[in-house]
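As structure tokens, the structure follows; a few thoughts come after it.
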Amino acid sequence: MIEKCRDWRPDIIFQQMPDSDLNSKPGTFATIKEQLPVTIFSQHCDAFDKRAMERVAAYYDQIDINVVNDCYSVYPQFFGCSSRFLDTWTPQDPALFHKRSVDWQLAVSFAGSTDYYPDRQAALELLQQSGLPIHISGGFGDTHLPIEVYATLLQHSNITLNFSAISGLYLIK
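Mapping of the sequence shown onto the numbering used here: position 124 corresponds to residue 440, and the numbering continues sequentially without gaps.
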């Protein structure tokens, strides 16, 4: 990566930071910043717990802007109100999520991915087999719901389901 940056001389580097050993190391970014006038952005999805904040902290000195998706209430507890964080999408846009017209209603809905989650598939199948009228759609790898359709689906559901465990971690949503 260092060699490519020397050759290409980018103005910006944007790296998604999954919890993986495949990321560039903090020292790599430090070397790049020493040699080039570059702004480095990192994207953190589901940054909801201490473990995620430890991952952010490991890179904090080398990253100019930490782009946080979905959960932006946790990092201030670890880093204060830092101008080095950029909050992105959240389901609080009043134009989408706070209007409500009640011309149709769903009893229960699940708008999320099931492609790679056999536990979710099994639970949803059990609910369907019980006769419960459940609407299932969406998900990153499934049907790719536009945000407007996602918002409408949530607004018209009496109960919306969310699975709060991923790979043994429990999410607070």
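Note that the Cβ used here is the ideal one computed from N, Cα and C, for glycine as well. All of these numbers come straight from a predicted model, not from anything done at the bench.
For residue 331, the enclosing beta strand (DSSP E) stretches over residues 328-332.
For residue 359, the enclosing beta strand (DSSP E) covers residues 355-361. Secondary structure note for residue 347: it is in no beta strand (DSSP E), and the uninterrupted alpha helix (DSSP H) holding it is 342-351. Taking a cut-off of 8 Å on C-beta distances, the segment 391-407 does not touch the segment 420-429, as fewer than three cross pairs fall below it. Cβ-Cβ separation between residue 358 and residue 379: approximately 5 Å, consistent with a contact (criterion under 8 Å). Membership of residue 394 in the alpha helix (DSSP H) is indicated by the continuous run 391-395. With a threshold of 16 other beta carbon atoms within 10 Å, residue 317 falls short and is exposed.
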